[in-house]
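A.B. asks: The letter at position 76 of the sequence shown is residue 76 when you use full-length UniProt numbering, and the numbering goes up by one with no holes.
Glycine included, C-beta positions come from ideal geometry on N, C-alpha and C.
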Amino acid sequence: MTTVVKIGGARAVDPAGALADVASLREDGESVAVVHGGSTAVDETLERLGIEPEYVETPSGVVGRFTDEDTMEVFEMVFGHLNTQLVAGLQSQGVDAVGLNGVDGKLLYGPRKSAVRVLEDGTRKIRRGDHSGTIKQVNAELLETLFDDGYTPVASPPMAGKDDDEVVPVNTDADRSAAHIAGAVEATLVLLTDVEGIYADPDDPDTLIESVETGEEWADLEDAAEGFMERKVMAIEEAIEGGAEEVVVADANAGDPILSALSGGGTHVYASALDTADSSEEDSQ
């Protein structure tokens, strides 16, 4: 079994439990890849440097970071630091971890988006000078080689962005990076965050959605997702469409967070949910 674990970058997320669980899975002979975020740390560093973090809304309503040249430099610095810290934490647990970003071996590769469509005061505009990209390829062979040799990859953005004839580091979403990696190696994806999972009522933890197996349940999940959970739902869809059989959204701060997620905790979404959703759409056409 192969598991891809995404550790969230929110300040409220303590990675210690997850790192211990990775060690347990490796002791059982399972392959594990870790993907991490770090958006909160990027914002804090930008503010210390006197740079205001900038977020924009797309015409479809998705909010994301606008990454100009200065922000991209900070992004590379902060993510490199976070990656090293997680690798060191796993090494301390006896796990032979290897740090990578998406540029290494073109682990995550796709076109750079230098211009993005945004919505400002109800008006659609084009913003230029962005350093972001869309993942189109994952170097699964690199990951499989590391697994076969007993290593645990710890990966993060930036990705390798194709910009005309050059490859440049560009920003990409960490959840979706994990999703593409999980799909490419046909793994179970565990998205660890600072809540128990996805709630039917985002303000009520007692409404945890535990299992999503049908197209109708998938539609309900999409309707329930708000704010940062919208990106996780996008990641879930991309992971399953890429080849993952199951995605779990669970609490990073729970006891044994990965093991408990794999044992039934959190919100579990199965490939059947998208299969039946696609069938329902075809039947209605």
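#1: Given V62, which residues of its chain have a CB within under 7 Å of its CB, disregarding the five upstream and five downstream residues?
#2: Among G89, P53, K106, L119, which has the Cα closest to the Cα of L73?
#3: Just to check my reading of the structure: G161 and G133 have Cβ atoms closer than 8 Å, yes? What is that Cβ distance to the nearest angstrom?
#4: On a Cα-Cα basis, can you pick out the residue from P257, R65, S211 that is closest to V269?
#5: Starting from the C-beta of S260, find all residues in its chain whose C-beta is less than 6 Å away, skip the five residues before and the five after it, and write them out in chain order.
#6: One question on the structure: do L100 and L90 come within less than 8 Å of each other, judged by their Cβ atoms?
#7: Quick one: measure Cβ to Cβ for A239 and A182, integer angstroms, because I've assumed they're closer than 8 Å.
#8: Just list the residues that DSSP pairs residue 290 with in beta bridges.
#9: Would you kindly check if the distance between the Cβ of L146 and the Cβ of V98 is under 8 Å?
#10: Classify G50 as buried or exposed, calling it buried when 16 or more other Cβ atoms lie within 10 Å of its own Cβ.
#11: Is the stretch 193–202 in contact with the stretch 233–251, if contact means three or more CB pairs nearer than 8 Å?
#12: Measure the alpha-carbon distance for T172 versus P158 and round it to whole angstroms.
#13: Is the separation between the beta-carbon of V22 and that of V95 shorter than 8 Å?
#14: Considering just the uninterrupted stretch of the beta strand (DSSP E) at N101, what are its terminal residues?
#15: Tell whether a beta-carbon distance below 8 Å holds between V78 and H131.
#16: Please go through the stretch 204–272 and give each complete beta strand (DSSP E) segment of 3 or more residues, from N-terminal end onward.
#17: Using the C-alpha atoms, what's the distance from E44 back to E237?
#18: Report the residue from L19, A10, G9, M1 whose alpha carbon sits nearest the alpha carbon of G29.
#19: What separation, rounded to the nearest whole angstrom, lies between the Cα atoms of Q285 and T276?
#20: Alpha carbon to alpha carbon, how far is V190 from T152? Give it in angstroms, no decimals.
#21: Can you tell me whether S284 is helix, strand or coil according to DSSP?
#22: Output needed for A174: all residues of its chain with C-beta closer than 7 Å, excluding positions within five of it in sequence on either side, in chain order.
#23: Could you compute how far the alpha carbon of T207 sits from the alpha carbon of V167?
#24: Evaluate A178 with the Cβ neighbour count: other Cβ atoms within 10 Å of its Cβ, from every protein chain shown; 16 or more gives buried, anything less gives exposed.
C.D. replies: Let me spell this out:
#1: So the list reads E230, once near-sequence residues are dropped.
#2: Rather than Leu, the amino acid found at residue 73 in this sequence is Glu. The option with the nearest alpha carbon to E73 is P53.
#3: 4 Å
#4: S211
#5: Cβ neighbours of S260 beyond the five flanking positions: A254.
#6: No, the Cβ-Cβ distance between L100 and L90 is not below 8 Å.
#7: 5 Å
#8: There is simply no residue 290 to check, as the chain begins at 1 and stops at 285 in what is shown.
#9: yes
#10: Looking at its Cβ environment, which holds fewer than 16 other Cβ atoms inside 10 Å, G50 is exposed.
#11: Contact between the stretch 193–202 and the stretch 233–251 is established, with three or more Cβ pairs separated by less than 8 Å.
#12: 6 Å
#13: Yes, they are a contact pair.
#14: 97–102
#15: no
#16: Those beta strand (DSSP E) runs which fall completely within the stretch 204–272 and span 3+ residues are 246–251, 267–270.
#17: 30 Å
#18: M1
#19: Below a pLDDT of 50, predicted positions are generally treated as unreliable, and Q285, at 48, falls in that range; the measurement from the model is reported next regardless. Approximately 14 Å, taken between the alpha carbons.
#20: 16 Å
#21: Residue confidence is low: S284 scores 49 on pLDDT, short of 50, so the model does not pin down where it sits. No coordinate-derived value is stated.
#22: Excluding residues up to 5 positions away in sequence, K6, G9, V35, H36, G37, S156, P157 lie with their Cβ nearer than 7 Å to the Cβ of A174 in the same chain.
#23: 45 Å
#24: buried
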